[in-house]
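Chemist: The numbering of the sequence shown is my numbering, which starts it at 27 and goes up by one.
Beta carbons are placed, not taken as given, at the ideal position from N, Cα and C, and that holds for glycine.
Keep in mind the model is a prediction, meaning the values are calculated, not measured.
To start, I am sharing the structure in question, which I have written as structure tokens.
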Amino acid sequence: MRCRKSKRNWKLSFMLMKLGFGFLYLVQMLPLCAIHALAKSVGWLSYYAVAPRRRIGLINLRRCFPQWTERQRRQVLREHFYHMAMLLLEYGVYWYSDAQRLKKMVRYQDKHYLDDALASGEKVILLYPHFTAFEAAVYALNQDVPLISVYSHQKNKQMDEQILKGRHRYNNVFLIGRTEGLRAIIKKIRASNAPFLYLPDQDFGRRESIFVNFFGIPTATITGLSRIAALTKAKVIPAIPTREPDGTVTLRFYPAWSDFPSEDVTADTQRMNDFIQARVCETPAQYYWLHKRFKTRPEGEASFYSKE
């Protein structure tokens with residue numbers, strides 16, 4: 027009986043996933059303006075329907091922007107749900123649309139910082155925080171530049187296969203499983219002239235992190251940027267994707283950091299968080315607020331996310 031129930035659940039999951047992929051395929055046939063109009067409705071509905079994520083987002087914004095009114099925080103969070111809806115609905119464009127369509131959606135700003143470093147034979151780490159337009163920008167960039175990236179396999183097999191297929195769409199990416207560890211990353215960077223795409227701003231727990239400030243909050247933060255840069259002699263070049271009012275995306279590159287890494291890994295990690303914080307303050311609605319960024323707390327400190 028349990029086996030039959032498990033098989034039915036698997037079939038249902040498979041069918042729902044296929045319907046989801048089919049929906050995204052149909053959505054990508056729409057003009058971009060229509061996709062973004064649909065995202066406004068989906069984002070509005072999600073803000074009210076997905077209460078657990080709304081709660082997490084509000085907790086994060088209250089901690090990071092205590093000077094704002096509650097009305098300001100809710101307005102930013104509503105805008106954030108719209109940007110998240112755009113991210114999700116645009117997956118059909120990333121996976122199925124003509125590559126040139128995606129290229130027209132994304133413009134580069136100051137890409138010469140990356141081009142010049144690669145032309146001179148430098149190893150490069152692209153510091154790439156979690157802003158909501160990150161997928162659109164990286165799918166466009168990967169058409170022009172080979173990339174090394176870390177990938178976490180999905181529990182759902184169909185989703186995992188589709189994401190991997192999308193990642194390899196341009197045959198220009200080198201994926202390293204998260205479980206392969208730091209050694210595999212270092213080896214690939216040393217053996218390749220491809221930049222390493224580094225997404226640092228998630229909570230990976232106490233064992234892999236140190237506490238440095240983010241918006242004045244002691245935040246569990248991995249130290250990989252400093253360590254990888256030291257072991258590979260790579261230049262750190264930040265890249266930030268921003269969604270423009272017309273729905274297109276600007277991927278801005280910043281000058282390579284000087285005097286990095288230093289001999290102080292804590293100072294290096296704080297420098298990274300300070301840079302990310304400054305960019306978040308420029309476009310707060312476009313930073314990823316819906317995950318528990320402050321889940322791991324210093325010893326003895328209560329969770330931010332416990333229900334009262």
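To the nearest angstrom, how far is the alpha carbon of A65 from that of K191?
Modeler: The straight-line gap from Cα to Cα measures roughly 24 Å.
Chemist: Is K183 buried or exposed, if buried means 16 or more other CB atoms sit within 10 Å of its CB?
Modeler: Looking at its Cβ environment, which holds fewer than 16 other Cβ atoms inside 10 Å, K183 is exposed.
Chemist: Measuring CB atoms only, is the segment 120 to 127 touching the segment 268 to 282, in the sense that at least three cross pairs come out at less than 8 Å?
Modeler: As far as the Cβ criterion goes, the segment 120 to 127 does not touch the segment 268 to 282, which means the pair count is below three.
Chemist: How would you call K213, buried or exposed, if buried means at least 16 neighbouring beta carbons within 10 angstroms?
Modeler: Exposed.
Chemist: Name the residue from V176, M185, G207 whose alpha carbon lies nearest to the alpha carbon of F200.
Modeler: Of the candidates V176, M185, G207, the one whose C-alpha sits nearest the C-alpha of F200 is V176.
Chemist: At a cut of 8 Å, does the segment 57 to 73 reach the segment 108 to 116 through at least three beta carbon pairs?
Modeler: Segments in contact, yes.
Chemist: From E234 to K137, what distance separates their C-alpha atoms?
Modeler: Taking the straight line from one Cα to the other gives about 32 Å.
Chemist: Where do the ends of the beta strand (DSSP E) carrying S235 lie?
Modeler: Segment 235 to 240, the beta strand (DSSP E) holding S235.
Chemist: Kindly indicate which residue of T249, R204, Y122 has the alpha-carbon position closest to the one of D10.
Modeler: Missing from the structure shown is residue 10; the chain here goes from 27 to 334 and no further.
Chemist: Which residues bound the beta strand (DSSP E) around P244?
Modeler: 243 to 248 is the span of the beta strand (DSSP E), which, as asked, contains P244.
Chemist: With burial defined as no fewer than 16 other Cβ atoms inside 10 Å of the residue's Cβ, what is the status of Q98: buried or exposed?
Modeler: When all chains shown are included, Q98 counts as exposed.
Chemist: According to DSSP, is T292 part of a helix, a strand, or is it coil?
Modeler: Helix at T292.
Chemist: Indicate the three-state DSSP secondary structure (helix, strand or coil) for R133 in the structure shown.
Modeler: In this structure, R133 counts as strand in the three-state DSSP scheme.
Chemist: Can you grab the Cα-Cα spacing for the pair A293 / F49, in whole Å?
Modeler: So the alpha carbons of these two residues sit roughly 46 Å apart.
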